[in-house]
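One structure is given here, and the rest of the page talks about it.
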Amino acid sequence: MTQSPVIRLDLDEATAKRVADVLEEAFPFGEASISAFETGPDAWRVEVYGGPDMDAGELAAAMRDALGPESAGLRLEPGVIDERDWVAKSLEGLKPVRAGRFVVHGAHDRSAVAPNAIGIEIEAALAFGTGHHGTTRGCLLAIDRLLKLRRFAKPLDLGTGTGVLAIALALAQKTPVLATDIDPVSVRIAAENARANGAGPLVRSVHAGGFGHPVFGEQGPFDLIVANILARPLVKLSTGVAQRLSADGAVVLSGLMTIEERMVRAAYAARGLNVVAATRLEGWSTLVLTR
1 MTQSPVIRLD LDEATAKRVA DVLEEAFPFG EASISAFETG PDAWRVEVYG GPDMDAGELA
61 AAMRDALGPE SAGLRLEPGV IDERDWVAKS LEGLKPVRAG RFVVHGAHDR SAVAPNAIGI
121 EIEAALAFGT GHHGTTRGCL LAIDRLLKLR RFAKPLDLGT GTGVLAIALA LAQKTPVLAT
181 DIDPVSVRIA AENARANGAG PLVRSVHAGG FGHPVFGEQG PFDLIVANIL ARPLVKLSTG
241 VAQRLSADGA VVLSGLMTIE ERMVRAAYAA RGLNVVAATR LEGWSTLVLT R
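Numbering (full-length UniProt numbering), first residue to last: 1 to 291.
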């Protein structure tokens, strides 16, 4: 089984956010994945995941170079992860998550899906998005509300992870969905999950970073773009999102902490996209934007 390096740092909140910001700027888009999250009162963890062609020593050295003198006081804990160990070992012990018409569940909870609900079966994998994270649930709630207002003929799931959002759109509308990610493992897993949920023919999974891939020109403009990634990548992608969105399109953004909301709002407002709805769950924000 393919393994990838991971470096973990346990820090206070201010240091964790500063370190995460520096690393997000230092690593080219797609070279590494940086996550910062709260583990307790003023206790935060920064996790940095490298690609399978990089070992933990190389990842740690690159981090120290990026952080400069500040790295001297940090304890970098290196490790490796198997392809299906990133989010959790499994969904065992976790209850199904309900978000509007959608129910995200593991194989052990298939019976928990009501006849009128849309079940999405996802086991833990090397990509975020089991549905138990506040950002994924926020996105599903936003999608559910938008689908009550209109249909979307050309949806894009940007940074698809496990494919939860693309699968939700495909199953709810019976409409083709483009699902892209910078991580090839996530692209493969999203495709597997789509097939397992009966949405395989409708979900096209593509390995693509940013908006440089020709698939965006071939299939755009998109009338719905959902992106559940981190705040700084969302800001960097704001120009591309605005360019690839149809005139009457909607955008759903998440992966940003509530304290980062103002920064993301400002970046998209500068591109003519304004927030029309916001949901805040577990310290994370989900934003719905239109022109």
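We put the beta carbon where it would ideally sit given N, CA and C, even for glycine.
Separation of residue j from residue i, as counted between CA atoms
i, j, result
"isoleucine 120", "arginine 265", "30 Å"
"leucine 253", "histidine 213", "21 Å"
"valine 215", "histidine 207", "10 Å"
"isoleucine 167", "leucine 158", "13 Å"
"asparagine 116", "serine 186", "29 Å"
"asparagine 274", "methionine 263", "13 Å"
"threonine 162", "isoleucine 189", "6 Å"
"glycine 198", "glycine 217", "27 Å"
"phenylalanine 37", "histidine 108", "28 Å"
"glycine 134", "leucine 165", "13 Å"
"leucine 178", "leucine 171", "13 Å"
"valine 241", "isoleucine 225", "8 Å"
"threonine 290", "phenylalanine 152", "14 Å"
"alanine 196", "glycine 106", "12 Å"
"valine 251", "alanine 142", "10 Å"
"proline 201", "aspartate 42", "46 Å"
"serine 44", "methionine 257", "In the sequence as presented, serine is not what sits at residue 44; that position holds tryptophan. Distance between the alpha carbons of tryptophan 44 and methionine 257 is about 13 Å."
"alanine 32", "aspartate 181", "13 Å"
"aspartate 53", "alanine 277", "41 Å"
"valine 97", "proline 69", "43 Å"
"glutamine 173", "leucine 140", "14 Å"
"alanine 14", "alanine 62", "22 Å"
"leucine 169", "glycine 210", "21 Å"
"phenylalanine 102", "glycine 220", "26 Å"
"valine 235", "alanine 114", "38 Å"
"glycine 283", "leucine 74", "26 Å"
"threonine 175", "alanine 72", "52 Å"
"asparagine 228", "threonine 136", "7 Å"
Reduced DSSP category for residue i - H, G, I as helix; E, B as strand; rest coil
i, result
"aspartate 12", "coil"
"isoleucine 182", "coil"
"asparagine 274", "strand"
"valine 213", "For the record, residue 213 in the displayed sequence is histidine; it is not valine. If DSSP states are grouped into helix, strand and coil, histidine 213 belongs with coil."
"threonine 160", "coil"
"leucine 287", "strand"
"valine 187", "helix"
"glutamate 77", "strand"
"valine 6", "strand"
"aspartate 248", "strand"
"arginine 280", "strand"
"arginine 150", "coil"
"glycine 68", "helix"
"glutamate 192", "helix"
"valine 113", "coil"
"aspartate 144", "helix"
"leucine 123", "Note that residue 123 is glutamate in the sequence shown here, rather than leucine. Coil."
"glycine 134", "helix"
"aspartate 21", "helix"
"glutamate 58", "helix"
"alanine 208", "coil"
Boundaries of the beta strand (DSSP E) in which residue i is found, first to last residue
i, result
"isoleucine 225", "222-228"
"alanine 267", "It is not in any beta strand (DSSP E) - alanine 267 instead sits in the alpha helix (DSSP H) that spans 261-269."
Per DSSP, cross-strand counterpart(s) of residue i
i, result
"serine 254", "Asn228"
"phenylalanine 102", "Ala99, Ile118"
"glycine 40", "Ala43"
"glycine 50", "Ala32"
"valine 203", "Val177"
"residue 292", "Lying outside 1 to 291, the shown extent of the chain, residue 292 is not represented and no answer is given."
Nonlocal neighbours in the same chain, by C-beta distance under 7 Å from residue i, ignoring five residues either side
i, result
"alanine 60", "Ile7, Leu76, Pro78"
"valine 22", "Ala66, Leu67"
"proline 184", "His207"
"phenylalanine 222", "Lys154, Pro155, Leu156, Arg244, Leu245, Ser246, Gly249"
"valine 19", "Leu9, Leu11, Val46, Leu67"
"glutamate 260", "Ala231"
Close beta carbons around residue i, own chain, < 8 Å, minus the five adjacent residues each side
i, result
"glutamate 24", "Ile34, Leu230, Arg232, Pro233"
"alanine 56", "Pro5, Val6, Ile7, Gly50, Pro78, Gly79, Val80"
"alanine 270", "Ser238"
"arginine 110", "Gly119, Glu121"
"alanine 16", "Leu9, Ala36, Trp44, Arg45, Val46"
"threonine 39", "Asp10, Arg45"
9 Å Cβ cutoff, residue i in contact with chain D
i, result
"alanine 62", "This model lacks chain D altogether; it includes just one protein chain."
Cut-off 6 Å between Cβ atoms - residues of its own chain near residue i, not counting five sequence neighbours on either side
i, result
"glycine 138", "Ser254, Thr279, Leu281, Thr286"
"glycine 93", "Residue placement at glycine 93 is poorly supported in this model, since its pLDDT is 45, which falls under 50; the coordinates still yield a value, given next. Excluding positions up to five away in sequence, the list is empty."
"valine 288", "Ala142, Val252, Val276, Ala277"
"threonine 160", "Ala166, Ala179, Asp181, Ala190"
Enclosing alpha helix (DSSP H) for residue i [first to last residue]
i, result
"valine 241", "238-244"
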